[in-house]
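Residue numbers (the numbering used here): 1495 to 1719.
Have a look at the structure below before the remarks.
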């Protein structure tokens, strides 16, 4: 007898996709739906620095091939935004006025990119690297062997710095308490790791506060910090 269960997962990251995988193993006949605001299937953000030294498109970053979703009957609703959940009726509403009923609901939406409050006013002048589209934008606007000023420097950012240095770019890292995130390092480790970055060719600036970020003049650097 087929299962009448419909598992709905909000979130298309590691947690959501792992949940879908194990739910399929446990209940081969169930319906599984992943709902994501993104336009792409699950991909590895940690591979995005490859854009600077390889010719590749979004398919090259997929964790699972398209056939995986077909073979495992995992329905991914992309570019979909959940606006309301009715737990009593076990129904959720999407922004485009569609309602979806579920047997079990898992919220695995994860975290969003973080911008310190003191940098909020400069957000229009900053470029992120947390999405495929954002990474492509950075690749396209950055002059060949140009200069990059990196604020903070989490693990993804530092891997990007390594790739940029290898390709001949100049990288300046302005550290903060979020440097090396999500790893927590003590002061001795921090000193050691920052020293390693310097040996790699990264210019490291410590113990400073960003006072101003301005649009550069035509023909000059794109940003002045």
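All C-beta atoms, glycine included, are put in the ideal place defined by N, C-alpha and C.
Please read all numbers here as calculations on a predicted model, not as lab measurements.
Nearest-angstrom Cα distance between residue 1555 and residue 1511?
For this step, residue 1555 is matched to residue 61 along the chain shown. For this step, residue 1511 is matched to residue 17 along the chain shown. Approximately 15 Å, taken between the alpha carbons.
When DSSP labels each residue in this structure, what does residue 1517 get in the three-state scheme?
Position 23 of the chain shown, counted from the start, is the residue given in the question as residue 1517. Residue state, collapsed to three classes: helix.
Can you give the Cα-Cα distance for residue 1689 and residue 1650, rounded to whole angstroms?
Counted from its first residue, the chain shown places residue 1689 at position 195. Counted from its first residue, the chain shown places residue 1650 at position 156. Going by the C-alpha atoms only, they are around 18 Å apart.
Give me the Cα-Cα distance between residue 1522 and residue 1640, rounded to the nearest whole angstrom.
Indexing the chain shown from 1 puts residue 1522 at position 28. Indexing the chain shown from 1 puts residue 1640 at position 146. In a straight line, the C-alpha of residue 1522 is about 52 Å away from that of residue 1640.
Is it true that the CB of residue 1505 sits closer than 7 Å to the CB of residue 1602?
Indexing the chain shown from 1 puts residue 1602 at position 108. Indexing the chain shown from 1 puts residue 1505 at position 11. Contact flag set, yes.
Which listed residue (1497, 1717, 1677, 1507) has its alpha carbon closest to that of residue 1597:
Within the chain shown, residue 1597 is the residue found at index 103, counting from 1. For residue 1597, the nearest C-alpha among the options comes from 1497.
Give a yes or no on whether 7 Å exceeds the smallest Cβ distance from residue 1516 to chain D.
Chain labels in this structure do not include chain D; a single protein chain is all it has.
Given a cut-off of 7 Å on the beta-carbon distance, is the pair residue 1696 and residue 1654 in contact?
Numbered from 1 along the chain shown, position 202 holds the residue referred to as residue 1696. Numbered from 1 along the chain shown, position 160 holds the residue referred to as residue 1654. Cβ atoms of residue 1696 and residue 1654: not closer than 7 Å.
On a CA-only basis, which of 1586, 1684, 1591 is nearest residue 1600? Give me that one, please.
Against the chain shown, residue 1600 aligns to sequence position 106. Among 1586, 1684, 1591, the Cα nearest to that of residue 1600 belongs to 1586.
Would you decide whether residue 1540 is buried or exposed? Buried here means 16 or more other CB atoms lie within 10 Å of its CB.
Stepping through the chain shown from its first residue, residue 1540 is reached at position 46. By the neighbour-count rule (16 or more Cβ atoms within 10 Å), residue 1540 is not buried but exposed.
Please give me, in chain order, every unbroken run of the beta strand (DSSP E) with length at least 3 that falls completely inside the region 1615-1698.
1641-1646, 1664-1669
Thinking C-beta only, is residue 1628 closer than 7 Å to residue 1575?
One-based indexing of the chain shown puts residue 1575 at position 81. One-based indexing of the chain shown puts residue 1628 at position 134. No, Cβ-Cβ distance for residue 1575 and residue 1628 is not below 7 Å.
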